[in-house]
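There are 2 protein chains.
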Amino acid sequence: MKQDIKVSVDAVVFGYSPEEGIQVLLIKRKYEPFQKSWALPGGLVLNEESLEEAVHRELQEEAGIDVNYLEQLYSFGQPARDPRNRVISVAHFGLVRPDDYQLSAQTDAEDVAWFSIKRIPRLAFDHKQIIDVAIKRLRSKIVYEPIGFELLDKEFPFSDLEKLYQVLLDNDLDRRNFKKRIMALGFLEEVNKTLQRKAGRPAKLYRFNKKKYFELKERGYHSDLFYS
Amino acid sequence: MKQDIKVSVDAVVFGYSPEEGIQVLLIKRKYEPFQKSWALPGGLVLNEESLEEAVHRELQEEAGIDVNYLEQLYSFGQPARDPRNRVISVAHFGLVRPDDYQLSAQTDAEDVAWFSIKRIPRLAFDHKQIIDVAIKRLRSKIVYEPIGFELLDKEFPFSDLEKLYQVLLDNDLDRRNFKKRIMALGFLEEVNKTLQRKAGRPAKLYRFNKKKYFELKERGYHSDLFYS
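The listed protein sequences correspond, in order, to chains A and B. Each residue of the first sequence is one higher than the one before, starting from 1 at the first, in UniProt numbering. Each residue of the second sequence is one higher than the one before, starting from 1 at the first, in UniProt numbering.
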């Protein structure tokens, strides 16, 4: 019997802000099925494009953004996951820096917005399950790779990084020793500037030492160090 | 334009023997393209089966075996990877215990055999690249999960486990402290039996403590401990 299966991509794009924590990008569907439901950006792969190209195109078309980092997450292939036709979705996982947060809904998205991962609305298809797998990947990455380069501003106060680790490690962070340990890994450097956010003393700014950062990203390290 | 993409699964199945090291299961293709080339077992997904079901079916059909462990590896989707038609392959990664090594070529495989990962022949399609990704996954898994339950006999001499780690860590293993460290993790227990393999003293046998093993598999640990 002829194979009757379609291939799509979906993207779980995470952003981070010290106020909102980890956020995920969702679009509101313009058409059936699941019309007006929130869903992950994504769609069918075109015949001539690679899977990654399809993700970049869909993000541009549906949300008007691009990502700083993209990797393949997992392929979801349960036969009944789409009511129209069997569709296997190759899900991807992306990270966006705050500077690149501006969104604009286009084509088959009626709206597009960031949602805190603590307040995700009811989603179309199996997209909640896809997000759960992506959150698990994000949390496990932080244990063996430096994360932040793709989520924080290029220059940031140390407290932003600390909060990011706190959020991802579910507040299990050993705050007392965190700074000493993270500085010892050598991928952060002080910038000769300060930032005055609201009240309080101006905060020193830091940035990632790219060379060291990507070395550690490649080689890995173990941040059981960071758990209390 | 109508989407014209097919979906297949391929399986990188690893076995291990203390004599041969890590081995991968390959089939010899009976038909074009790449007729008589060695390739990974795999094929098109049927309309009604899940991706995992497709892998189990293909392994049964082409090699007459089943696996003790299976996980999804990565989806390979470059537009030109198959000369006939665009095919996206959802590659999987499987492990087989030595007891279950017996193979029998069937259907569209002309032959089936185990190859040491150090002596892989020229392969069809992008299958060499898929194997490279799978070997990388296997090596990185050993750093944060106990591996062996699915690769060793149910009861084995300690030296079999040590050799497995040596092979996967490329001989960087800290042999002097390995036994002490691995016993301290608590997932191994002594069996009250010995094994006489060839000449030499009979070796004590060990087995995995399943509960502790799967706890560590779930939670992870860090085996930088094991590097010298």
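No residue lacks a Cβ here, since even glycine has one placed at the ideal position from N, Cα and C.
7 Å Cβ cutoff met for residue i and residue j
i: residue 268 of chain B; j: Asn68 of chain B; result: Any answer about residue 268 of chain B is impossible in this case: the structure gives chain B only from 1 up to 228.
i: Tyr16 of chain B; j: Leu164 of chain B; result: yes
i: Gln11 of chain B; j: Gly77 of chain B; result: Per the sequence presented here, residue 11 of chain B reads as Ala, with Gln not at that position. Going by C-beta atoms, Ala11 of chain B is not nearer than 7 Å to Gly77 of chain B.
i: Phe158 of chain B; j: Tyr206 of chain B; result: yes
i: Leu216 of chain B; j: Pro146 of chain B; result: yes
i: Ser89 of chain B; j: Gly64 of chain B; result: no
i: Glu61 of chain B; j: Gln106 of chain B; result: yes
i: Tyr31 of chain A; j: Asp132 of chain A; result: no
i: Leu168 of chain B; j: Ile142 of chain B; result: yes
i: Glu155 of chain A; j: Val191 of chain A; result: yes
i: Asp153 of chain B; j: Pro98 of chain B; result: yes
i: Leu59 of chain A; j: Ala134 of chain A; result: no
CB-CB length for residue i against residue j, believed under 8 Å
i: Val45 of chain B; j: Val13 of chain B; result: Not confirmed; about 18 Å, so no contact.
i: Phe125 of chain A; j: Leu26 of chain A; result: About 12 Å; that fails the 8 Å criterion.
i: Asn47 of chain B; j: Met183 of chain A; result: Contact flag wrong, Cβ pair sits at about 56 Å.
i: Ile5 of chain A; j: Val55 of chain B; result: Actually they do not touch by this definition, with Cβ atoms about 15 Å apart.
i: Ser50 of chain B; j: Leu123 of chain B; result: In fact, because the Cβ distance is near 26 Å, the residues do not count as touching under 8 Å.
i: Arg29 of chain A; j: Glu110 of chain A; result: 7 Å
i: Phe178 of chain B; j: Glu162 of chain B; result: 6 Å
i: Ala91 of chain B; j: Ile130 of chain B; result: 5 Å
i: Ala39 of chain A; j: His127 of chain A; result: 5 Å
Where residue i falls, given that 16 or more other Cβ within 10 Å makes a residue buried
i: Pro41 of chain A; result: buried
i: Ser228 of chain A; result: Per-residue confidence for Ser228 of chain A stands at a pLDDT of 47, beneath the threshold of 50, marking its modelled position as unreliable; no derived number is given.
i: Gln23 of chain B; result: buried
i: Asp82 of chain B; result: buried
i: Ala199 of chain B; result: exposed
i: Ser75 of chain B; result: buried
i: Ala80 of chain A; result: exposed
i: Gly43 of chain A; result: buried
i: Gly148 of chain A; result: buried
Short CB-CB distance (under 7 Å) between residue i and chain C
i: Ile5 of chain B; result: Protein chains A and B are contained in the structure displayed, whereas chain C is not.
Worksheet item: Name the residues in the UniProt domain "Nudix hydrolase" (4 to 139) of chain A whose C-beta lies less than 8 Å from a C-beta of chain B; which are they?
Response: Asp4, Ile5, Lys6, Val7, Leu44, Val45, Leu46, Asn47, Glu48, Glu49, Ser50, Leu51, Gln72, Tyr74, Ser75, Gly77, Gln78, Pro79, Arg86, Ile88 and Val90
Discussion item. For a minimum of 3 consecutive residues, which ranges assigned as the beta strand (DSSP E) are wholly contained in the segment 48 to 117 of chain A?
Written reply: 69 to 76, 86 to 95 and 109 to 116
Item to complete: For the segment 127 to 213 of chain A, list the alpha helix (DSSP H) runs that are entirely contained and at least 4 residues long, ordered along the chain.
Response: 127 to 144, 158 to 168 and 175 to 185
Discussion item. For the segment 173 to 197 of chain A, list every residue whose C-beta sits within 9 Å of some C-beta in chain B, in sequence order.
Written reply: none
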